[in-house]
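Participant: The sequence shown begins at 47 in my numbering and counts up by one.
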Amino acid sequence: VTDYTAEQVTMDEDGKPIAQSKIYLSSGKMRVDDVMPQSGSHLIVIYRSDLKKNFMLNADKKTYTESELNEKEMAGAIMSSGHIKNRKEKMLGEETVSGYRCSKREIEAEIVVMGYKNTTRSIVWQSPKFDLPLRSRSDSGQVTELQKIQEGRPAAALFEVPADYSKVSNMMELMGDEQPKGRRPPKSPPKG
Numbered sequence: 047v048t049d050y051t052a053e054q055v056t057m058d059e060d061g062k063p064i065a066q067s068k069i070y071l072s073s074g075k076m077r078v079d080d081v082m083p084q085s086g087s088h089l090i091v092i093y094r095s096d097l098k099k100n101f102m103l104n105a106d107k108k109t110y111t112e113s114e115l116n117e118k119e120m121a122g123a124i125m126s127s128g129h130i131k132n133r134k135e136k137m138l139g140e141e142t143v144s145g146y147r148c149s150k151r152e153i154e155a156e157i158v159v160m161g162y163k164n165t166t167r168s169i170v171w172q173s174p175k176f177d178l179p180l181r182s183r184s185d186s187g188q189v190t191e192l193q194k195i196q197e198g199r200p201a202a203a204l205f206e207v208p209a210d211y212s213k214v215s216n217m218m219e220l221m222g223d224e225q226p227k228g229r230r231p232p233k234s235p236p237k238g
């Protein structure tokens with residue numbers, strides 16, 4: 047299944063939802079709505095492998111940034127991040143998640159993020175019908191799951207930056223934290 051819409055729900059170790067996003071996938075394009083709810087802004091990420099670009103949109107301020115697409119970033123955007131080394135898998139059987147039969151595996155991997163190595167253990171429920179795992183549980187007990195999966199092609203407009211959005215140059219501007227206008231930078235102290 048390459049075209050679908052789903053709710054991505056992240057729950058703490060007690061099963062209490064702590065984050066929820068809507069995701070849309072369509073033939074090499076992906077959109078994640080409300081990617082960082084803790085930011086206080088409605089942020090959207092659009093990955094476009096056909097354009098080799100990704101876009102971060104601030105729906106509240108109608109602004110966006112554009113950058114070169116990092117394929118590893120796109121692949122890891124939903125369930126994990128970092129560079130994986132020394133991956134080991136152990137089959138734990140099969141279970142059904144969101145109505146789809148999945149193989150359940152324990153994965154132990156060494157992940158390198160910004161030069162730091164960390165060994166993680168997670169359990170992943172993977173359906174042969176989808177590229178993304180339908181559920182994953184980290185060694186801390188946090189669970190991320192795709193729910194309310196609706197097969198079918200999402201509207202093409204979901205993967206476009208709306209015409210009334212303004213392009214900004216960085217995340218600070220995207221979040222609305224730009225320098226106040228009209229203020230001069232402080233003068234440097236006299237030399238000598």
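C-beta atoms are modelled at their ideal positions from N, C-alpha and C, and glycine is treated no differently.
Output the boundary residues of the alpha helix (DSSP H) element that contains Met-218.
Facilitator: That run of the alpha helix (DSSP H) goes 217 to 220.
Participant: Measure the Cβ-Cβ separation of Lys-98 and Glu-114 and say whether it is below 8 Å.
Facilitator: Yes, the Cβ-Cβ distance between Lys-98 and Glu-114 is below 8 Å.
Participant: Of all the options Val-158, Glu-206 and Lys-163, which has the alpha carbon lying nearest to the alpha carbon of Asp-96?
Facilitator: Considering only alpha carbons, the answer is Glu-206.
Participant: Look at Ala-52 and Ile-195 and say whether their C-beta atoms are less than 8 Å apart.
Facilitator: Their beta carbons are under 8 Å apart, which means Ala-52 touches Ile-195 by this criterion.
Participant: Opposite Leu-79 in the DSSP bridges: which residues?
Facilitator: Going by the sequence as given, residue 79 is Asp instead of Leu. According to DSSP, which records beta bridges pairwise, Asp-79 is partnered with Lys-68 and Ile-90.
Participant: Let's test the definition: count the other Cβ atoms within 10 Å of the Cβ of Asp-60 and tell me whether it reaches 16, buried, or not, exposed.
Facilitator: Exposed is the call here.
Participant: Could you have a look at Ser-85 and say whether DSSP puts it in helix, strand or coil?
Facilitator: Three-state DSSP puts Ser-85 in a helix.
Participant: Given a cut-off of 8 Å, decide if Glu-154 and Leu-138 are closer than it, judged by their beta-carbon atoms.
Facilitator: Going by C-beta atoms, Leu-138 is not nearer than 8 Å to Glu-154.
Participant: When you compare only the Cα positions, how much space is there between Val-81 and Gly-145?
Facilitator: Cα to Cα, the separation comes out at about 25 Å.
Participant: Just to confirm the assignment, what range does the beta strand (DSSP E) spanning Ala-105 have?
Facilitator: It is not in any beta strand (DSSP E) - Ala-105 carries neither H nor E in the DSSP assignment.
Participant: Below 8 Å, can you find three or more Cβ-Cβ pairs linking the region 101 to 113 to the region 208 to 221?
Facilitator: A contact exists between the region 101 to 113 and the region 208 to 221.
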